[in-house]
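End of the sequence shown sits at 231 in our numbering; the numbers just go up one at a time, nothing left out. Beneath this line is the structure, given in structure tokens, with notes to follow.
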Amino acid sequence: MGAKYSRRTFEDSSEDCQRQKSILVRRFSLFTSPKSAVPPKAVPHITDEERQLLVDSFGNLKNSISQIGVLLFIGLFESHPEMQGFFGDIKDCPPHLLPQSKQLRTHALRVMGFIEKCISRIHTPERLDAIIRQLGRHHFKYGAPPGYIPLVGPQFILAIRMTLDPQWDAVTEDAWLNLFAYIAYGMKQAMASSSHPDLLTPTT
Numbered sequence: 028m029g030a031k032y033s034r035r036t037f038e039d040s041s042e043d044c045q046r047q048k049s050i051l052v053r054r055f056s057l058f059t060s061p062k063s064a065v066p067p068k069a070v071p072h073i074t075d076e077e078r079q080l081l082v083d084s085f086g087n088l089k090n091s092i093s094q095i096g097v098l099l100f101i102g103l104f105e106s107h108p109e110m111q112g113f114f115g116d117i118k119d120c121p122p123h124l125l126p127q128s129k130q131l132r133t134h135a136l137r138v139m140g141f142i143e144k145c146i147s148r149i150h151t152p153e154r155l156d157a158i159i160r161q162l163g164r165h166h167f168k169y170g171a172p173p174g175y176i177p178l179v180g181p182q183f184i185l186a187i188r189m190t191l192d193p194q195w196d197a198v199t200e201d202a203w204l205n206l207f208a209y210i211a212y213g214m215k216q217a218m219a220s221s222s223h224p225d226l227l228t229p230t231t
């Protein structure tokens with residue numbers, strides 16, 4: 028028997044249809060092309076309701092952290108093969124061997140650890156901003172292209188959708204999109220200020 032969805036599907040109402048269209052537009056405009064190295068002027072916003080939804084949904088991922096991280100990287104390298112070259116210890120690893128790579132697992136756990144820290148700080152924006160900017164400076168130090176930062180979000184979302192289904196819905200996806208837009212904004216801002224202080228977008 029097929030899985031029964033406990034929440035409304037995208038097609039259940041015109042409101043959900045509009046939300047789905049908005050999500051699709053954001054995926055393609057914000058996340059699929061590494062063009063912009065400078066953060067946008069508008070700071071992405073996460074509502075209080077979305078913050079709590081992120082905490083709740085992440086709590087359901089605890090037993091799948093490693094698997095999600097590996098799926099994230101495999102999807103990232105499949106969609107943007109050039110990105111594998113930025114990871115020195117796995118840059119020459121054949122794609123079919125990546126799922127068994129201990130080095131990839133290490134990177135996966137590191138990324139998932141960062142996401143977990145973000146979730147644990149989601150209700151204290153100043154602490155959340157601090158670790159995001161710290162990671163941005165770290166990536167700048169090691170020469171990561173700022174334009175590739177936003178590409179992680181969609182792969183993470185694709186991975187957790189498989190884990191959270193059938194609890195996954197448009198509202199949950201929008202919350203995660205907002206979080207990753209917020210992370211990408213903060214990291215890009217930190218990277219831009221590290222290289223060109225005049226490019227730093229004021230936060231007030």
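Cβ coordinates follow ideal geometry from the N, Cα and C atoms, glycine included.
Which residues in the same chain have their Cβ closer than 7 Å to the Cβ of S63, if we skip the five residues on either side of it in sequence? Only weak support exists for where S63 lies, its pLDDT of 45 falling under 50; the coordinates are left without a value.
By the three-class DSSP mapping on this structure, what secondary structure does I73 have? coil
Would you please state the rounded distance, in angstroms, between the beta carbons of S93 and R132? I believe it to be under 8 Å. 6 Å
Which listed residue (M218, L204, M189 and D201) has its alpha carbon closest to that of N87: M189
How is N205 classed by DSSP in three states: helix, strand or coil? helix
Taking Cβ to Cβ, would you say L162 is nearer than 8 Å to M214? yes
To the nearest angstrom, how far is it from the Cα of N205 to the Cα of V97? 22 Å
Exposed or buried, which one is L80 when buried takes at least 16 other CB atoms within 10 Å? buried
Between the alpha carbons of I294 and L99, how many angstroms are there, rounded? As shown, the chain starts at 28 and ends at 231. That puts residue 294 outside it, with no answer to give.
Delimiting residues of the alpha helix (DSSP H) encompassing A186: V179 to L191
Does the separation of the CB atoms of H134 and L178 fall below 8 Å? no
Please identify the residue among A186, R164 and D201 whose C-alpha is closest to the C-alpha of I95. A186
Would you mind sorting A157 into buried or exposed? The rule is 16 or more other CB atoms within 10 Å of its CB. exposed
Which same chain residues, not among the five before or five after P152, have their C-beta less than 8 Å away from its C-beta? none
Span separating the alpha-carbon of K129 from that of C120: 11 Å
Taking C-beta to C-beta, are L124 and F104 nearer than 8 Å? no
For C120, which of helix, strand or coil comes out of DSSP? coil
Could you tell me which of I176, M110, M139 and V70 sits nearest to N90, measuring between CA atoms? M139
C-alpha distance - E109 paired with A69, whole-angstrom precision: 29 Å
If I follow the unbroken alpha helix (DSSP H) through E153, where does it start and stop? P152 to K168
If I'm right that I176 touches A211 with Cβ under 8 Å, what's the distance once you round it to whole angstroms? 5 Å
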